[in-house]
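Take a look at the structure below.
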Amino acid sequence: MRIGIDARLYGLEHAGLGRYVLEMVNQVLKTDTKNEYVLFLTSRHAMEFQNKKRVKVVITNTPIYGFLEQIVLPFVFMRERLDLLHIPHFNAPFLYPGKIILTIHDLIKHQSKGKETTTRQPWLYFFKRGGYLFLTNIIVHRASHIIVPSEFVRKDVSKKLHVKVEKITVTYEAVSGNLKKIRLSDSGKRLILSRYGLSQPFVVYTGSTYPHKNVELLIDAIIKHNENKEADLQLALIGARPIFWERMQKKIEDQSLGHWIKLLGFVDDKNVSKLYSLALALVHPSKMEGFGLTGMEAMNLGLPVISSYASCLPEVYGSAALFFDPDNVEDLVEKMETLISSTELRKSLSEKGLLQAKKYSWERMGKETVAVYNSLLKK
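Just so you know, the numbering used here puts 199 at position 197 of the sequence shown, and the rest follows in order with no gaps.
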């Protein structure tokens with residue numbers, strides 16, 4: 003059979019989505035030795051698959067999320083006479099008449115809304131949001147099957163978009179090998195701390211600063227802890243995307259928090275690994291996630307995780323994280339102080355986290371994805 007995958011998001015330049023598509027494509031091709039595959043890739047990554055058996059590459063530079071996706075892509079896909087097409091995001095062309103599998107990573111855009119959630123002009127934001135809602139509500143019913151990264155998202159999609167649970171399959175994501183456990187010498191520790199203007203103890207947050215990520219509550223918790231204890235606990239904010247960072251920078255400057263809150267911006271994987279080896283914990287205050295990969299990456303390196311008790315996070319992290327109410331800054335302060343004061347708790351969370359991270363694998367995700375393909379090809 004002939005299976006197509008819209009892999010235009012393939013690659014780490016597309017952050018979490020790009021990681022998912024990269025791992026999914028490679029694991030599917032490794033697992034499936036029977037079906038033929040057509041990969042729709044941008045010219046940037048097309049050469050990576052030129053010599054693969056049973057793989058045809060179609061260079062497809064149609065912009066992501068653009069109007070052309072809905073006009074051009076149906077014809078691009080139809081030309082390949084596919085038995086099945088996997089679109090790994092919500093942006094499937096609803097005019098394509100063939101059999102589709104859709105991956106829905108989360109419904110954050112359904113819940114996180116309003117002018118505080120965007121840096122765009124209001125008219126453009128409402129136009130794009132309206133387009134997203136219209137397309138998503140059509141395509142989930144148009145799709146033959148839906149893949150999601152957690153049981154939480156499965157239930158969320160079923161409830162909010164009125165899709166039968168039986169039509170949705172969970173394939174958990176996993177930790178990749180991009181972050182490595184590093185043991186630093188004393189001089190190595192001093193060098194990395196000096197480079198980023200940090201001193202121990204510090205906690206780390208990795209990710210974007212969209213409002214649903216709840217980073218302002220984390221900043222407020224650092225302030226309260228330091229004022230209560232006359233302490234100097236620092237927060238290192240790591241993130242490649244500058245969206246909303248101006249708001250954070252203004253808050254830090256207005257309240258003279260520069261010593262406590264460090265906006266590090268983009269940090270490469272090697273230095274993230276070094277920072278994780280020195281941090282007290284990773285704090286994950288988000289109110290909405292599809293899987294919670296950053297916390298799982300920290301666990302995989304033995305870094306204790308303090309997480310909000312929200313969306314999929316209790317499901318994915320299990321008993322390996324210290325949970326707090328994402329609407330209660332005092333609860334987060336209490337959890338941080340508990341972790342700081344207990345060496346035994348830090349050791350326990352580190353050990354549990356290592357075990358929890360091992361429960362998930364991209365290889366298993368690939369096998370489960372191929373199983374979904376084969377079940378639909380039989381129908």
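Just so it is clear, CB atoms sit at the ideal spot from N, CA and C, and this is done for glycine as well.
Item                                                                                                                                      : Value
Backbone secondary structure at ARG256 - three-state DSSP                                                                                 : Residue identity check: residue 256 is Asp in the sequence provided, not Arg. Of the three classes helix, strand and coil, the one that applies to ASP256 here is helix, per DSSP.
Rounded separation between SER313 and GLU299 - CA only                                                                                    : 18 angstroms
Between the CA atoms of ALA176 and SER363 - distance to the nearest angstrom                                                              : 5 angstroms
Presumed contact (8 angstroms Cβ cut-off) between ILE170 and VAL159, rounded CB distance                                                  : 6 angstroms
The ligand NAP heavy atom lying under 7 angstroms from the CB of LEU235                                                                   : This structure lacks the ligand NAP; in fact it carries no ligand of any kind.
Contact check, LEU334 vs LEU237, beta carbons under 8 angstroms                                                                           : no
7 angstroms Cβ shell around ILE141 - same chain, five flanking residues per side excluded                                                 : PHE92, ALA94, PHE96 and LEU104
Under the three-state DSSP convention, the category SER346 falls into                                                                     : Note that residue 346 is Glu in the sequence shown here, rather than Ser. Helix, per DSSP.
THR296 versus LEU303: straight-line alpha-carbon distance, rounded                                                                        : 11 angstroms
Inter-stretch contact at 8 angstroms, needing at least 3 Cβ pairs: the stretch 6-23 / the stretch 40-47                                   : yes
THR105, enclosing beta strand (DSSP E) - first and last residue                                                                           : 102-105
Nearest-angstrom Cβ-Cβ length linking PHE79 and GLY6, presumed shorter than 8 angstroms                                                   : 6 angstroms
Presumed contact (8 angstroms Cβ cut-off) between VAL269 and LEU284, rounded CB distance                                                  : The pair is not a contact, with the Cβ atoms about 13 angstroms apart (cut-off 8 angstroms).
Sequence-distant residues of its chain with Cβ nearer than 6 angstroms to PHE51 (five each side left out)                                 : LEU41, VAL57 and VAL59
Where the beta strand (DSSP E) through TYR278 begins and ends                                                                             : Note, TYR278: premise wrong, no beta strand (DSSP E); alpha helix (DSSP H) at 271-280.
Buried or exposed (CB count within 10 angstroms, at least 16 for buried), GLY260                                                          : exposed
Beta-carbon spacing of HIS214, SER309 below 8 angstroms                                                                                   : no
Exposed unless 16 or more other CB atoms sit within 10 angstroms - verdict on PHE204                                                      : buried
Contacts around LEU181, its chain only, beta-carbon distance under 8 angstroms, and the 5 residues preceding and following it disregarded : ASP271, VAL274, SER275, TYR278, GLU299, ASN302 and LEU303
Nearest residue (CA-CA) to GLY292, options ALA359, ASN330 and GLU317                                                                      : GLU317
ARG156 classed as buried or exposed, judged by whether at least 16 other C-beta atoms fall within 10 angstroms                            : buried
Whole-angstrom C-beta distance between VAL23 and PRO90, which should lie under 8 angstroms                                                : 5 angstroms
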